[in-house]
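Data block below; observations after.
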Ligand code: GLY
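Numbering (our numbering), first residue to last: 80 to 421.
Here is the structure:
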């Protein structure tokens, strides 16, 4: 049995352990308190055996499988989960377990936060993106009226089990998309991790990349749980990225691919050169061949914008970052200078 490592996210009574290691999902009964009613939420893109195996550890499991994709982050699915719990006699002593990626974690966590004013929530992420970023930190939400994450809660899980073996069924494209979030953390906060991306075969050191990324995320959340300031660092690449996602979503770009594209204009020339090499190495997109005016408009209408200006995260030197207010003209200039240079 391979070793597992533990990180403790210190948040007083909302603090929790994050257990990271190959095989830990198969030992869920050791780490999670499952001898009760457990609503297991998964999606139809996740191998069904992952949820079935978790159910074996549960006193009274109820599995709900939602359709894969952002469409499941809806009030309708949220209501569905609450109704299933109610009809199955869930009490305040019971719990919710997410077995899936970011969509499942956000939806299941939000249902846990609301049911009877909050019941225990556990997360077993199954995608690189959720391993590296979304499973940790307590952001839960659904979308409303086309606006992402506009209804939700900060609601920390009781424990997170990160098992890199669950990533083996992902396509190379899904893996690369998730790794974009680790590149984001390295670019803003950890120059050493960034050089790992530059110098190593990332799949040989994947467990370390996950561990180090989660360590960064943990530190940031400890400092700024409710995104009053520093946690905004995690939005590096997301201002333009969300604009691209809103515009190009129908063309099927993955979230991490949009983030990769969104990071490039937000760097100095030198940092951008290094970032371009890493993104190319990972097989992530780097070219802007879409309507940038539409992207700017969507980015400026993001819920985080204020009077059309957005707070963007800028990387001048790899491993550090700063905030800058950008109007639509400022965004336009940054994208134009990126396109010109490349
Ligand atoms: N994924 C960004 C955050 O958790 O703040």
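Backbone N, C-alpha and C define an ideal beta-carbon position, used for all residues, glycine too.
Owing to the predicted nature of the structure, the values given are computational and were not obtained by experimental measurement.
Does the ligand GLY have a heavy atom nearer than 8 Å to the CB of residue i?
i	result
residue 314	yes
residue 188	no
residue 399	no
residue 306	yes
residue 93	no
Is there at least one non-hydrogen atom of the ligand ZN closer than 8 Å to the beta-carbon of residue i?
i	result
residue 376	No copy of the ligand ZN occurs in the structure displayed; its ligands are the ligand GLY alone.
What does DSSP give as the partner residue(s) for residue i in the beta ladder?
i	result
residue 199	174
residue 393	401
residue 104	Answer is none; residue 104 lacks a bridge partner.
Given a cut-off of 9 Å, decide if residue j and residue i are closer than it, judged by their beta-carbon atoms.
i	j	result
residue 187	residue 202	yes
residue 101	residue 243	yes
residue 314	residue 366	no
residue 343	residue 355	yes
residue 182	residue 118	no
residue 318	residue 389	yes
residue 192	residue 234	yes
residue 260	residue 338	yes
Report the three-state DSSP secondary structure of residue i (helix, strand or coil).
i	result
residue 129	helix
residue 280	coil
residue 230	strand
residue 206	coil
residue 167	coil
residue 373	helix
residue 406	coil
residue 417	helix
Straight-line CA distance for residue i to residue j?
i	j	result
residue 132	residue 370	45 Å
residue 378	residue 410	9 Å
residue 114	residue 238	15 Å
residue 173	residue 116	5 Å
residue 333	residue 325	11 Å
residue 128	residue 120	13 Å
residue 122	residue 228	18 Å
residue 137	residue 152	25 Å
residue 87	residue 94	7 Å
residue 368	residue 419	13 Å
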